[in-house]
Every structure is written in C-alpha cells, then in structure tokens.
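Here the structure comes first, spelled out in structure tokens, and everything after it is commentary.
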Amino acid sequence: LASRAFHPEDSVVMVGDLAIGGEEIHVMAGPCAVESREQLLEAARQVKAAGATILRGGAFKPRTSPYSFQGLEEEGLKLLAEARELTGLKVVTEVMDVRTLPLVAEYADILQIGARNMQNFFLLREVARVDKPVLLKRGLSCTIEEWLMAAEYIMSGGNHKVILCERGIRTFENYTRNTLDLTAVPVVKYLSHLPVVVDPSHGIGKWRFVPTMARAAVAAGADGLLVEVHPNPAEALCDGPQSLTPENFAHMMKELRGVARAV
Ligand code: PEP
Ligand code: MN
71 LASRAFHPED SVVMVGDLAI GGEEIHVMAG PCAVESREQL LEAARQVKAA GATILRGGAF
131 KPRTSPYSFQ GLEEEGLKLL AEARELTGLK VVTEVMDVRT LPLVAEYADI LQIGARNMQN
191 FFLLREVARV DKPVLLKRGL SCTIEEWLMA AEYIMSGGNH KVILCERGIR TFENYTRNTL
251 DLTAVPVVKY LSHLPVVVDP SHGIGKWRFV PTMARAAVAA GADGLLVEVH PNPAEALCDG
311 PQSLTPENFA HMMKELRGVA RAV
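Take the sequence shown: its letters are residues 71 to 333, numbered as in UniProt numbering.
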C-alpha cells in the first residue's frame with residue numbers, strides 16, 4: 071500500500087486544513103519536551119511568528135536513562151491543546167505505547183511514532199485503528215525497506231494517513247548524534263507515494279548544523295521539516311544542544327524561503 075507501484079501519484083496527508091505533501095513545505099517546530107506552560111506557550115508563539123504551521127512537543131518522552139525527565143504526560147497534552155487554541159498551530163506529539171494511545175489521540179492532531187518504536191508492531195496496529203495522521207519516524211538502525219514495512223503495518227490496518235520522517239541513523243560516525251540520511255528522501259520518494267519530512271535536529275544533534283541540513287533536506291525534496299526550538303536551550307530538560315533559539319529558528323525559516331517551494 072505504501073508503494074508507488076500501488077499508487078503512482080504523490081499522496082497528500084491532510085492535517086485539518088494543512089496539506090502535507092502538497093505545494094507547501096510545512097515546518098513542525100517546538101521543544102523536545104513540554105516542560106511548563108511558560109516554556110511551551112513562548113515556544114509556540116515564536117515558531118508561529120516565524121512561519122511554522124505545526125507545534126511539536128513531547129508529553130511522553132522515550133529517554134535513555136530512567137532517571138532523566140520523562141515528560142509531563144497528560145498535563146503536557148493539556149498544555150499542547152492550550153497552545154493550539156492560542157496560536158492556531160496544529161499539534162504533533164509522540165505516543166509511546168498502546169496504553170496511553172487513547173489519551174494522546176484525544177489531544178494530538180498528528181500521532182508521532184518515535185524512532186525507538188518504529189518496529190513496535192502492536193503499537194503500529196493500534197494507531198492504524200485511529201483516524202489521525204501518523205508521523206512515522208525511521209528507526210535508529212532501520213533500513214528503508216524496514217521503515218516502509220512499518221508504514222505498511224499502519225496502512226494495512228486501515229490508516230493511510232502516514233507521513234514518513236527521516237531522523238538520522240546510527241553509523242560509526244560519532245561527532246554528530248546520528249547520520250542524517252538525506253539519500254532516503256529521493257529514494258523513499260521513488261519507492262513510495264507517502265510524504266517525507268526530515269528532522270535535522272535529531273539527525274545531527276548539534277544546533278549549529280541544523281539550518282544548513284534543513285535547507286539541504288528541502289533541496290532534496292522533503293515535504294516538511296521537524297525542528298526542535300526552545301526559548302532557552304541551555305536550560306532545556308531534553309535535547310538542549312540540538313535546539314535552536316527562536317531567533318536562530320526565525321533566521322533558518324528566512325533562509326529556507328530561498329531554497330524551494332513556498333514555506
Ligand atoms: C523526538 O522527536 O523528540 C524524539 C524522541 O525523536 P526520535 O524518536 O527520532 O529519537
Ligand atoms: Mn528530542
């Protein structure tokens with residue numbers, strides 16, 4: 071179902087009135103994690119002003135250490151809904167398991183399946199039963215074929231609103247957090263009709279390189295971007311080193327407009 075052989079035209083996934091995979095590049099931006107009302111509303115206001123159309127923010131966080139901040143859970147979801155109300159931005163947030171899916175689905179406009187869950191086939195089958203777009207991140211060490219098969223799980227379960235997200239893969243290189251595989255953009259667009267967005271923040275892990283790779287992603291044909299922005303990255307509870315300040319994000323957005331389709 072994800073294959074271009076099955077569906078020769080590009081698919082457009084509607085998120086309310088936003089068309090992902092259409093003429094415009096959509097930028098999903100916001101903090102890694104929802105930390106507080108002040109932090110989230112400030113981030114939302116700033117990314118909206120710079121031209122983002124979708125607010126990101128994790129309420130349930132898949133952290134490497136169990137002692138790290140795990141997210142505000144339902145309180146975080148409520149803050150995302152409040153930010154949506156105030157700004158008109160759509161909301162993308164991660165769902166980590168089957169148990170919390172009904173709760174997350176109540177608040178999210180797009181359900182994010184994180185890299186660590188890309189092959190959680192039971193979770194994929196459950197999001198297939200929800201009538202919401204799904205942002206399916208590529209697994210940390212997954213091939214393009216495995217990634218498309220994960221999309222197939224969601225689509226074969228009845229949900230065709232899948233947006234793929236390249237977010238970097240594990241390689242021997244460790245200067246960057248991951249290796250952002252931009253070759254995946256043209257390859258996936260050749261193999262599949264699904265929209266593809268790129269997350270340079272997790273792909274590189276260092277904010278300094280994020281704007282350059284965001285431009286490269288758009289030049290390579292990405293339909294959108296997922297970018298971490300924090301009002302004060304030095305104080306972030308999660309992924310501060312890869313988070314842009316609102317000022318740097320606004321600058322990135324300005325530069326993007328020189329690259330390709332309307333942003
Ligand atoms: C995130 O988007 O904050 C995240 C945890 O991403 P990934 O699943 O790609 O690591
Ligand atoms: Mn993050």
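Every residue, glycine too, gets a C-beta built ideally from N, C-alpha and C.
Where residue i sits in the DSSP three-state scheme
i: Val231; result: Note on identity: in this sequence residue 231 is Lys, with Val being the wrong assignment. DSSP places Lys231 in coil when its eight states are reduced to three.
i: Arg247; result: coil
i: Leu150; result: helix
i: Met322; result: helix
i: Gly128; result: strand
i: Val104; result: coil
i: Leu206; result: strand
i: Leu71; result: coil
i: Glu79; result: coil
i: Glu143; result: coil
i: Leu314; result: strand
i: Thr157; result: helix
i: Gly273; result: helix
i: Asn187; result: helix
i: Pro136; result: coil
i: Val200; result: coil
i: Ala306; result: coil
i: Val174; result: helix
Test item: CB-CB of residue i and residue j under 8 Å
i: Val297; j: Pro270; result: yes
i: Ala292; j: Val266; result: yes
i: Pro311; j: Lys276; result: yes
i: Ala221; j: Leu206; result: yes
i: Ala287; j: Val255; result: yes
i: Val104; j: Lys160; result: no
i: residue 70; j: Asn248; result: Because the chain is modelled from 71 through 333, residue 70 falls outside the range shown and cannot be assessed.
i: Arg208; j: Ile239; result: yes
i: Ala153; j: Ala114; result: yes
i: Phe139; j: Thr170; result: no
i: Ala120; j: Phe319; result: yes
i: Ala306; j: Pro101; result: yes
i: Ala198; j: Gly228; result: yes
i: Leu149; j: Arg107; result: yes
i: Val257; j: Leu295; result: no
i: Thr246; j: Ile224; result: no
i: Leu156; j: Leu110; result: no
Residue interval of the alpha helix (DSSP H) (run including residue i)
i: Val288; result: Val280 to Ala289
i: Val168; result: First-last for Val168: undefined, no H or E at that position.
i: Lys118; result: Arg107 to Ala120
i: Tyr223; result: Ile214 to Ser226
In DSSP terms, what residue i is bridged to
i: Val97; result: Leu295
i: Val85; result: Leu88
i: Ile239; result: Thr249
N- and C-terminal bounds of the beta strand (DSSP E) containing residue i
i: Gln182; result: Ile180 to Ile183
i: Val258; result: No beta strand (DSSP E) contains Val258, which is instead part of the alpha helix (DSSP H) from Ala254 to Leu261.
i: Val267; result: Val266 to Val268
i: Leu194; result: Run containing Leu194: none in the beta strand (DSSP E); it sits in the alpha helix (DSSP H), Phe191 to Val197.
i: Glu164; result: Lys160 to Glu164
Segment contact flag, the stretch 188-197 with the stretch 160-170, C-beta cutoff 8 Å, min 3 pairs:
Of all C-beta pairs linking the stretch 188-197 to the stretch 160-170, three or more are shorter than 8 Å, placing the two stretches in contact.
Give a yes or no on contact between the stretch 179-186 and the stretch 200-218, applying the rule of three or more CB pairs nearer than 8 Å.
Contact between the stretch 179-186 and the stretch 200-218 is present: three or more C-beta pairs spanning the two stretches fall below 8 Å.
Evaluate contact between the stretch 80-97 and the stretch 114-128, counting only Cβ atoms and requiring at least three cross-stretch pairs below 8 Å.
They touch, by the three-pair rule.
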